[in-house]
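When you number the sequence shown by the working numbering, it's gap-free, plus one each residue, and the end is 782. All C-beta atoms in this analysis are idealised placements derived from N, C-alpha and C, irrespective of residue type, glycine included. Just below is one structure, and these are the notes that go with it.
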Amino acid sequence: MPEKQKCFISYSREDEAVLGELVESLQALQWLKDHIWFDKKGIEPSDQIDPLIQQALSDTKVGILLISNKFFLSDYIEHKELPHLLAGQAKQSGIKLACLYLTSIAEEAFVREVVIDGQQHSINLRDFLGLNDPNQPLDSLKTSGEKNKAYKKVADWVAKQFPLAERQRRRDGSKRPKLAIAIHKQRDHWRHSYSLPNAPNFSTSSLDYLAIDSLKPEYIQGETLFRLLFPDNMEQNQKLLGTAFDLNTPAEPSLYPLRIELMTDDEQLLRLPWSKIAYNSDLLRNDGWTVEFHGEISHGYPENPSHTCYLPGKVILASPPDYQQSGHIADLQTFFQHNWRDMTPPTVVADTEKLSDELNRGSTRLLYYFGQASSEGLLSGTADTILPWQAVIESLRQSQSVSLVFLNLIGETSEAVFTVAGALAATCKALLIQVSGRRELQDAAASGYACLKAILSGEQLDPVVAMHRHGRGYTAAWTTYSSWRTIAQDKPQYPDLLELLLDRRAQRAELLQAKEDFLKPFPARRIYHSVAVGSAGNRTVVFPKMVSQHLKITGRRDNEVILYKEIALDAWAESADAVDDAARRALSIEWRQSIIEALLRTEQAGGNDLWFVVLGWVLPEPVDDQTQAETLIRIVSDWCHDRLVSAIADYEQAGQRSRLRIISVQAIEVPTKNDAEALVKLVRKVGRSYDNQDMFYVGRLGPLAGVEFEDLQHYFQDRYICSCDDRYRKDFPDLLLGKNRDQMPFDQAVAIIERGPKEGWGNLYDELTERTANGSWPPAE
């Protein structure tokens with residue numbers, strides 16, 4: 002059954018003024034706007050229940066009764082709306098009812114006789130929640146400010162009736178307000194300062210020391226944690242939260258999710274279970290609140306970049322043998338195999354020595370540890386060996402590719418991790434720590450699984466949100482990012498690698514300029530045709546698609562649409578008719594149908610859009626016969642010049658759009674560089690043979706070469722794309738090329754570089770270094 006979504010307001014038409022004021026307060030919550038429902042047209046008392054109202058009542062989650070004397074005079078309310086709302090309440094179907102009292106009303110008037118499911122019931126409306134005092138109704142309030150406070154109370158109550166997920170989904174971009182709190186340790190008190198991203202140190206406060214050191218973290222009350230962050234009286238705290246929520250009025254803590262970035266120099270505050278923070282016995286994590294630590298106390302709001310966690314990537318699952326018996330690590334392996342099918346399986350290690358080796362290989366994206374720790378380091382369980390914290394920190398720091406470290410620790414000795422948490426956090430973007438007792442082993446495992454699942458698949462939550470939502474026991478989080486997103490990269494395709502590896506600077510610049518030339522200085526031009534020729538090993542066939550990708554991400558205006566259409570040619574085609582047949586097969590049209598309409602997808606075209614169609618002409622295999630290669634160049638050029646130009650002219654004369662431009666790229670791979678250079682000269686000659694160069698132009702692209710040093714350097718220096726360990730980034734370009742080459746074939750570059758993330762960059766580096774020394778790298782060409 003669909004979840005009920007409506008906030009239904011039952012009111013008398015005579016009370017429309019109050020309704021308008023209340024609705025304004027409710028609609029101030031942007032996510033709530035679509036939920037509010039009230040009868041806007043008025044129903045005559047004699048009418049049957051209106052279908053729209055019937056549907057709204059069926060969808061009602063929250064009902065608000067605007068009770069006045071006139072409310073009780075409405076037969077429609079008494080016989081139609083009220084019975085339905087009361088029936089929903091009586092059947093516990095999820096309807097929550099509350100009353101807002103507008104006028105003073107006689108006590109007996111609250112008792113109503115209503116028929117529910119054919120049975121007569123006596124109902125006292127005073128038994129339902131009152132959002133204000135019936136002895137102080139709205140009409141007794143003297144100022145608009147007092148009324149606004151009453152409306153605010155209604156809005157706060159309504160907000161609490163909707164699940165957090167719905168509230169977050171409805172908010173703009175699901176963003177959470179942020180508040181930085183710096184707590185300075187003084188001689189006999191804590192000094193607080195509060196900052197927003199656009200308002201550093203906008204408020205201050207202080208709190209005398211509490212005897213929290215005498216309380217064990219597992220027993221500390223959530224309200225105590227709230228007071229540690231907000232020591233002022235509730236009125237002041239609500240004003241502060243209203244500012245944090247970007248409101249002009251005070252606010253209850255549960256009104257919005259809140260991201261608290263906590264900075265402190267007091268170690269005892271680092272050891273508290275902040276995920277338990279509560280207000281009025283309600284856990285605020287259920288309302289989306291999170292508390293995360295940052296490093297040093299900053300003056301104002303901490304400035305951090307956003308972070309993108311690219312996956313698949315190298316994942317290490319570490320757990321001593323006695324903990325692996327729980328089946329938890331096996332469950333995680335299954336999770337990764339199911340969700341990241343194209344990635345190398347996670348590396349599973351069962352002792353500290355192997356964990357050290359894997360960390361030292363670098364390129365780690367995610368480290369998950371399930372086991373015990375101490376003040377000295379991670380423990381190996383039955384082997385009783387230790388991987389020192391300093392060794393863990395140094396290995397992670399050298400990698401500089403670590404997005405997430407999650408330490409799911411068991412046992413009381415593990416609490417010592419908080420003494421090194423700050424140093425660990427400096428090596429990654431997010432550090433999650435969960436400490437559970439030995440008796441909670443299964444709960445800790447289930448929690449760890451749920452957290453990773455929430456971060457890496459499905460909802461793809463911010464790690465801190467996932468920890469607060471699914472964490473158990475004693476949890477804490479450190480972050481060094483302003484916002485987090487997880488991107489699941491598809492298995493790399495050649496066009497993507499071309500963009501990353503083969504810069505093709507000259508050819509890309511020529512085609513980008515061709516696009517600009519359509520606008521000025523050649524507005525009459527409709528087709529730019531070019532031929533991309535490359536020798537064996539350079540994957541020339543994917544160049545047209547790479548061009549379309551480049552045009553999409555480089556200098557594209559808001560009203561520009563870039564489409565890519567690939568046409569597979571027969572390598573032995575001999576005429577423009579054969580080209581026409583291939584084009585129509587690719588576009589799935591008959592010979593009488595318009596090629597232009599098939600290219601444009603006119604049903605999606607905007608009136609002011611400028612459409613660029615990249616036509617990619619590709620062959621299933623390299624062309625060994627030079628004469629046939631020349632024939633293919635001529636017949637495709639002729640087809641574009643004669644038939645495609647004519648089709649565009651007919652289309653425009655019929656009154657259709659003139660905002661279509663075509664960039665045609667024919668890709669031909671030949672055996673040798675000399676063959677490629679000969680074809681480039683032919684293309685220039687073909688271009689000069691056409692006299693209609695106003696609408697049609699043949700461009701000049703040089704031969705497509707292999708991967709050069711600058712291309713490799715560009716790739717390895719990009720930490721977002723290349724997961725290579727920093728220790729090897731500088732050396733890999735020279736190592737791949739070898740001493741006597743100025744470029745390497747594209748096929749070879751792709752094959753080698755794709756091994757890095759799968760086998761480990763450290764392993765690949767060692768292998769190529771050894772092969773270079775014994776003369777087997779680079780291979781003979």
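A check of alpha carbon separations from P621 across D695, T541, V615 and Q718 identifies T541 as the nearest.
With contacts defined by Cβ atoms closer than 8 Å, L67 and I10 form a contacting pair. Residue nearest to P251 within the set E268, A599 and D157 is D157 (criterion: CA-CA distance). For T225, the enclosing alpha helix (DSSP H) starts and ends at G223 to L230. Assignment of L737 by DSSP, reduced to helix, strand and coil, places it in the helix class. Of all alpha-carbon atoms in L705, E711 and R730, the one lying nearest the alpha-carbon of F717 is that of R730. Remark: three or more beta-carbon pairs, one from each stretch, lie closer than 8 Å, so the segment 251 to 268 and the segment 277 to 291 are flagged as touching. Taking one beta carbon from each stretch, the segment 101 to 117 and the segment 142 to 150 have fewer than 3 pairs nearer than 8 Å; the two do not touch. Boundaries of the beta strand (DSSP E) harbouring A431: A431 to S437, taken from the DSSP string. Going by DSSP, Y195 is part of the beta strand (DSSP E) stretching over H190 to L197. Only residues of its own chain outside the window of five on either side were considered, and among them T365, R366, L367, L368, L397, T428, C429 and K430 have a CB closer than 8 Å to the CB of V403, listed in chain order. By the Cβ criterion, the segment 505 to 521 is not in contact with the segment 575 to 590, since fewer than three pairs of Cβ atoms, one from each stretch, lie closer than 8 Å. Annotation for D209: the continuous beta strand (DSSP E) segment containing it runs A200 to D209.
The shortest CA-to-CA distance from V421 to any of G64, Y210, R635 and A478 is the one to A478. The Cβ atoms of K355 and P758 lie no closer than 8 Å to each other. Partner residues in the beta bridge of F9, as assigned by DSSP, are W38 and G64. Put simply, the segment 657 to 672 touches the segment 628 to 646. At least three CB pairs are less than 8 Å apart. Inclusion of V349 and L318 in the CB contact set at 8 Å is warranted, their separation being smaller than that value. Straight-line spacing of the CA atoms in R473 and Y302 works out to 29 Å. In this structure, E561 lies near L611, with their beta-carbon atoms less than 8 Å apart. Under the DSSP definition of a beta bridge, R260 partners with K179 and T291.
Under DSSP, the beta-bridge partners assigned to S531 are V666. Residue pairing for T476: DSSP places it in a beta bridge opposite Q435.
Every unbroken stretch of the beta strand (DSSP E) spanning 3 or more residues and falling wholly within the segment 307 to 332 is given here in chain order: 308 to 312 and 315 to 319.
Every unbroken stretch of the alpha helix (DSSP H) spanning 4 or more residues and falling wholly within the segment 70 to 144 is given here in chain order: 70 to 73 and 83 to 91. Bounds of the beta strand (DSSP E) holding W612 are L611 to V619. Annotation: D267 to T225 spans about 16 Å, alpha carbon to alpha carbon. Taking the Cα of I96 as reference, the smallest distance to any Cα among T104, L87, L103 and Y102 is reached at L87.
With a 10 Å radius around the Cβ and a threshold of 16 neighbouring Cβ atoms, L333 comes out buried. K153 counts as buried, since no fewer than 16 other beta carbons sit within 10 angstroms of its beta carbon. Of the residues L379, I568 and A455, the one whose Cα lies closest to the Cα of G617 is I568.
Shown here for I278: same chain residues with a beta carbon closer than 6 Å to its own, the five before and five after excluded, namely G223, L226, F227 and L285 in chain order. Annotation for E591: no beta strand (DSSP E) segment contains it, and DSSP assigns it neither H nor E. Within the DSSP bridge table, the entry for R486 names T309 as partners. Between H530 and V699, the CB-CB gap stays under 8 Å.
A check of alpha carbon separations from R177 across S484, S123 and E678 identifies S484 as the nearest.
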